[in-house]
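Peer 1: Take a look at this one; I'll ask things after.
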Amino acid sequence: MNFEKTFTTRNQLGITVPGFNAYLTYAFQQTKTDGEQANTNGIFGEGKYENAARFLTPSNRKSQLISLEMEAELGDIAQAVWASAITKTRGNAVGDVTNLLLELDYDYELFPAFAGYTTQRTKRTQFNQELRLVSTHGGPFSWVVGGFFNYQKYRSNSVETLPGFAEFAASPTGSAIYGGYYDGLVRPDGAEYVSFTRSKTEEQAVFGELTFKPTSKWQITGGARYFRYDTSITGGADTPMTPSGRRRMPYPSLEIASSRIRSGAASDDGFVWKANTSYTFSPQFMAYATYSTGYRIGGVNRVVPCIQPLPPGQNLCALPNELTFGPDKTKNIELGVRGSLLGGRLTGTLSVFQIKWDGIQLQSQTVNGNIGITANAGKARSRGVDFSFNARVTDQFTLRGNYSYLDAKLTETVEDLLSPYSGSGTVFDGDRLPGSTKNSGALSAIYTVPVGDNSLAMNWTSTYTGGILTSPGARAGGELLPSYVLHRASVTYQTDVWDLSIFANNIFDKYAISGVANDLTRAGIVNDGQLYRGYARGVVQPRVIGVEGRVKF
Numbered sequence: 061m062n063f064e065k066t067f068t069t070r071n072q073l074g075i076t077v078p079g080f081n082a083y084l085t086y087a088f089q090q091t092k093t094d095g096e097q098a099n100t101n102g103i104f105g106e107g108k109y110e111n112a113a114r115f116l117t118p119s120n121r122k123s124q125l126i127s128l129e130m131e132a133e134l135g136d137i138a139q140a141v142w143a144s145a146i147t148k149t150r151g152n153a154v155g156d157v158t159n160l161l162l163e164l165d166y167d168y169e170l171f172p173a174f175a176g177y178t179t180q181r182t183k184r185t186q187f188n189q190e191l192r193l194v195s196t197h198g199g200p201f202s203w204v205v206g207g208f209f210n211y212q213k214y215r216s217n218s219v220e221t222l223p224g225f226a227e228f229a230a231s232p233t234g235s236a237i238y239g240g241y242y243d244g245l246v247r248p249d250g251a252e253y254v255s256f257t258r259s260k261t262e263e264q265a266v267f268g269e270l271t272f273k274p275t276s277k278w279q280i281t282g283g284a285r286y287f288r289y290d291t292s293i294t295g296g297a298d299t300p301m302t303p304s305g306r307r308r309m310p311y312p313s314l315e316i317a318s319s320r321i322r323s324g325a326a327s328d329d330g331f332v333w334k335a336n337t338s339y340t341f342s343p344q345f346m347a348y349a350t351y352s353t354g355y356r357i358g359g360v361n362r363v364v365p366c367i368q369p370l371p372p373g374q375n376l377c378a379l380p381n382e383l384t385f386g387p388d389k390t391k392n393i394e395l396g397v398r399g400s401l402l403g404g405r406l407t408g409t410l411s412v413f414q415i416k417w418d419g420i421q422l423q424s425q426t427v428n429g430n431i432g433i434t435a436n437a438g439k440a441r442s443r444g445v446d447f448s449f450n451a452r453v454t455d456q457f458t459l460r461g462n463y464s465y466l467d468a469k470l471t472e473t474v475e476d477l478l479s480p481y482s483g484s485g486t487v488f489d490g491d492r493l494p495g496s497t498k499n500s501g502a503l504s505a506i507y508t509v510p511v512g513d514n515s516l517a518m519n520w521t522s523t524y525t526g527g528i529l530t531s532p533g534a535r536a537g538g539e540l541l542p543s544y545v546l547h548r549a550s551v552t553y554q555t556d557v558w559d560l561s562i563f564a565n566n567i568f569d570k571y572a573i574s575g576v577a578n579d580l581t582r583a584g585i586v587n588d589g590q591l592y593r594g595y596a597r598g599v600v601q602p603r604v605i606g607v608e609g610r611v612k613f
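Anchor point for the sequence shown: position 499 equals 559 in the numbering used here, and the numbering is continuous, going up by one each time.
Written out as structure tokens, the structure is:
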């Protein structure tokens, strides 16, 4: 079920005349799959590469991109760069909602053949535009000024279906079980929940940067950016199997009444800036330092806004404080060196950094329906070290490697961030942030052998990924995913015109967990005899052996 079929085509036309260049690009990509690459953690005794889902969950995603980039020389003063792009993405997907409905406990599971799935259609349209001027006049000063615009529209339509439930609920047996609540129900399509969302985001920015070189070895750079964004969402939902829903949405209608539609909006603006300096002590050694502030724009969670007061029955929606999230802002400092030894045979970089967040964006859940959303979680701090090197041991043998250490944690206690269904949703000052490793690295060895006028390159790469938390401090059913090492090997025959490789990914067929769906508090839940299957573990791809070819023409 976890196959992936992807077709991609990228096409570019370039025009070059003295003082002017233009590049027109068109790209298309379509990806299809029948399900996620995850197991259900042996809940029915299934194996590492088996999933106890009730349905296949196919998805089909198509994306198109058209972009135009133009460069024009403005005398000997500056170069003007114009870059614009339009992206359109459409998607169709099916999801298994049986587990969600079991968790919400609407007693659908009293139908012996109960199961539910949702079909969703999405469309995203985005337009980007940037115009910048880059100095070319030379001298101790250089500069960049420009403007940026981004506009994005998103729409989603979703229908939740319970096959056979309407007929059962309206039957004498179902009427006795549900106390006549569904008497008179006529819904042959099985539609149980219908929703839509429409969101829009508009972002503008202007920026500038000035560099001064007091000497040929020393440079100082300062820059600033002003940004503003506006975002809004409109959404609606209804439950066509409930008595009130049947009145508003009689079969076969799936049109949502205006009384069930709500909207929300958010906006923000501000400045970010940076200061950087570097000094080249020799052709083999350079040191630099950077201090900057940054931001990541806020937005709207693509969840239907709640009707208030909440109507009885099923409510899968976002409250006003859950509907939007603000930007997270940072203060960053980085110190680093770059150098080479032994006549350039050994090169390397070393940097240390610290990032302080305010209002960091983390995953959260809605109170109604436990739907995943993004929320602001107060203050956090990240410190780390990055190191990389490239060693040409001989003319034929090269070693490359990198290592990263990251200490990322909250520096503020935040209440009600995590799922209310998992006990306390509070996270605490000092809790390690989710989704990142403390230690990670890679080491590659490349040996190249001449074969006549051509060459044979042999490569072995090992990567280490440290343990990852699935929630801040592994709270509310979170866990620590184990660390793992993967190995890749390839042998490539190279000519001036074509290359042919034999490769093996995950050569030792390592089983490793890459992520989880939901949390441990859901594992093993039983509701009226129905077993919850929503806890799942994503796994890295098993060993793959293949052939890859490239041709230049």
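No residue lacks a Cβ here, since even glycine has one placed at the ideal position from N, Cα and C.
(1) Using the C-alpha atoms, what's the distance from R362 back to Q11?
(2) How would you label F341, buried or exposed, when you count the other beta carbons within 10 angstroms and need 16 or more for buried?
(3) Determine the burial state of G403: buried for a count of at least 16 other Cβ atoms within 10 Å of its Cβ, exposed for fewer.
(4) Just grab the DSSP bridge partners of Y253 for me.
(5) For L466, which of helix, strand or coil comes out of DSSP?
(6) Taking 8 Å as the cut-off, decide whether the C-beta atoms of L128 and L193 are in contact.
(7) Under three-state DSSP, which class holds T100?
(8) Just verifying my parser: in three-state terms, what is the DSSP assignment at S496?
(9) At a cut of 8 Å, does the segment 576-591 reach the segment 145-163 through at least three beta carbon pairs?
(10) Enumerate in chain order the residues of its own chain whose CB-to-CB distance from S218 is below 6 Å, with the five nearest sequence positions on each side excluded.
(11) Could you check what DSSP says for S319 in three-state terms: helix, strand or coil?
(12) With distances taken from CA atoms, which of G95, G206 and Q89 is nearest F63?
(13) What separation, rounded to the nearest whole angstrom, lies between the Cα atoms of E623 and T508?
(14) On the three-state DSSP scale, how would you describe T233?
(15) Helix, strand or coil for S259? Go by DSSP, reduced to three states.
(16) For I506 and F457, I'd like the C-alpha separation in whole angstroms.
(17) Taking the C-alpha atoms as reference points, what is the distance between G485 and L478?
(18) Could you tell me which of P365, F385 and P223 sits nearest to L376, measuring between CA atoms?
(19) From what residue to what residue does the beta strand (DSSP E) around T291 run?
(20) Give me the Cβ distance between G419 and P380, rounded to the nearest whole Å; I'm assuming they're in contact under 8 Å.
(21) Mapping DSSP to helix, strand and coil, what is E472?
(22) Mind checking which residues open and close the alpha helix (DSSP H) that includes L162?
(23) Is the segment 297-308 touching the segment 273-283 in the sense that three or more CB pairs, one from each, lie closer than 8 Å?
(24) The alpha helix (DSSP H) with R308 in it runs from where to where?
(25) Return the CA-CA distance between G199 and G495, expressed in angstroms with no decimal places.
(26) Work out the CA separation of T196 and V141 for me, nearest whole Å.
(27) With 16 other CB atoms within 10 Å as the buried threshold, where does Q590 fall?
(28) Please classify F385 as buried or exposed, where buried requires at least 16 neighbouring CB atoms within 10 angstroms.
(29) Would you report the Cα separation of G107 and S442, rounded to the nearest angstrom?
(30) List the DSSP bridge partners of M61.
(31) According to DSSP, is T530 part of a helix, a strand, or is it coil?
(32) State the DSSP-derived secondary structure class of L270, mapped to helix, strand or coil.
(33) I'd like the ranges of any alpha helix (DSSP H) spanning at least 4 consecutive residues and lying wholly in the segment 169-209.
(34) Return the chain-ordered ranges of every beta strand (DSSP E) run that is complete within the segment 531-601 and spans a minimum of 3 residues.
(35) Taking a contact to mean a Cβ-Cβ separation below 8 Å, would you say A143 touches L125 in this structure?
(36) Label S216 either buried or exposed according to how many other C-beta atoms from any shown protein chain fall within 10 Å of its C-beta, with 16 as the threshold for buried.
Peer 2: Considering the structure as presented:
(1) Given a span of 61 to 613 for the chain in the structure shown, any question on residue 11 remains unanswerable.
(2) As a working note, residue 341 is residue 281 in the sequence shown. Its Cβ having fewer than 16 others within 10 Å, F341 is exposed.
(3) Within the sequence shown, numbered from 1, the residue matching residue 403 stands at position 343. Exposed, since its Cβ has fewer than 16 Cβ neighbours within 10 Å.
(4) Your numbering for residue 253 matches position 193 in the sequence shown. E220, per the DSSP bridge assignment.
(5) If you number the sequence shown from 1, residue 466 lands on position 406. If DSSP states are grouped into helix, strand and coil, L466 belongs with the strands.
(6) Walking along the sequence shown from the start, residue 128 turns up at place 68. Walking along the sequence shown from the start, residue 193 turns up at place 133. No; because the gap between Cβ atoms is not below 8 Å, this pair is not in contact.
(7) Position 40 of the sequence shown, counted from the first residue, corresponds to residue 100. DSSP places T100 in coil when its eight states are reduced to three.
(8) For this step, residue 496 is matched to residue 436 along the sequence shown. Correct three-state label for S496: coil.
(9) yes
(10) The residue given as residue 218 occupies position 158 in the sequence shown. Result list for S218: T178, Q180 and S255, in chain order.
(11) Walking along the sequence shown from the start, residue 319 turns up at place 259. Here S319 sits in helix by DSSP.
(12) Position 3 of the sequence shown, counted from the first residue, corresponds to residue 63. Checking every option, the nearest Cα to that of F63 belongs to G95.
(13) What is shown of the chain runs 61 to 613, which leaves residue 623 out entirely.
(14) For the purposes of this step, residue 233 is identified with residue 173 of the sequence shown, where counting begins at 1. Correct three-state label for T233: helix.
(15) As a working note, residue 259 is residue 199 in the sequence shown. In the structure shown, S259 sits in a strand (DSSP, three-state: E or B).
(16) For the purposes of this step, residue 506 is identified with residue 446 of the sequence shown, where counting begins at 1. For the purposes of this step, residue 457 is identified with residue 397 of the sequence shown, where counting begins at 1. Looking at the two C-alpha atoms, the distance is approximately 6 Å.
(17) Counted from its first residue, the sequence shown places residue 485 at position 425. Counted from its first residue, the sequence shown places residue 478 at position 418. Rounded to whole angstroms, G485 to L478 spans 4 Å at the Cα level.
(18) Here residue 376 corresponds to residue number 316 of the sequence shown, with the count starting at 1. Measuring from the Cα of L376, the nearest candidate turns out to be P365.
(19) Stepping through the sequence shown from its first residue, residue 291 is reached at position 231. Counting along the chain, the beta strand (DSSP E) containing T291 begins and ends at W278 to D298.
(20) Numbered from its first residue, the sequence shown carries residue 419 at position 359. Numbered from its first residue, the sequence shown carries residue 380 at position 320. Incorrect: roughly 18 Å between the Cβ atoms, too far for contact.
(21) Here residue 472 is taken as the residue at index 412 of the sequence shown, counted from 1. Looking at E472 - three-state DSSP - the assignment turns out to be coil, as it is neither helix nor strand.
(22) Taking the first residue of the sequence shown as position 1, residue 162 is located at position 102. Its alpha helix (DSSP H) spans residues T158 to L164.
(23) As far as the Cβ criterion goes, the segment 273-283 does not touch the segment 297-308, which means the pair count is below three.
(24) Sequence index remark: in the sequence shown, residue 308 carries index 248 (1-based). Note, R308: alpha helix (DSSP H), P303 to R308.
(25) Here residue 199 refers to the residue found at position 139 when the sequence shown is read from its first residue. Here residue 495 refers to the residue found at position 435 when the sequence shown is read from its first residue. Using only the alpha carbons, I get a separation of about 46 Å.
(26) Indexing the sequence shown from 1 puts residue 141 at position 81. Indexing the sequence shown from 1 puts residue 196 at position 136. When rounded, the distance between both Cα atoms is 13 Å.
(27) Within the sequence shown, the letter at position 530 stands for residue 590. Buried: at least 16 other Cβ atoms inside 10 Å.
(28) Numbered from 1 along the sequence shown, position 325 holds the residue referred to as residue 385. Under this definition F385 is a buried residue.
(29) What you label residue 107 is simply residue 47 of the sequence shown in a count that begins at 1. What you label residue 442 is simply residue 382 of the sequence shown in a count that begins at 1. About 38 Å.
(30) Sequence index remark: in the sequence shown, residue 61 carries index 1 (1-based). Paired residue(s): none; M61 is not in a bridge.
(31) Within the sequence shown, numbered from 1, the residue matching residue 530 stands at position 470. Residue state, collapsed to three classes: coil.
(32) Here residue 270 refers to the residue found at position 210 when the sequence shown is read from its first residue. Note: L270 maps to strand in three-state DSSP.
(33) none
(34) Here the runs fully enclosed are 544-554, 558-565, 573-577 and 596-599.
(35) Start at 1 with the first residue of the sequence shown, and residue 143 comes out as number 83. Start at 1 with the first residue of the sequence shown, and residue 125 comes out as number 65. No, the pair does not count as a contact, with Cβ atoms beyond the cut-off.
(36) On the sequence shown, position 156 is the one that residue 216 refers to. With 16 or more Cβ atoms within 10 Å of its Cβ, S216 is classed as buried.
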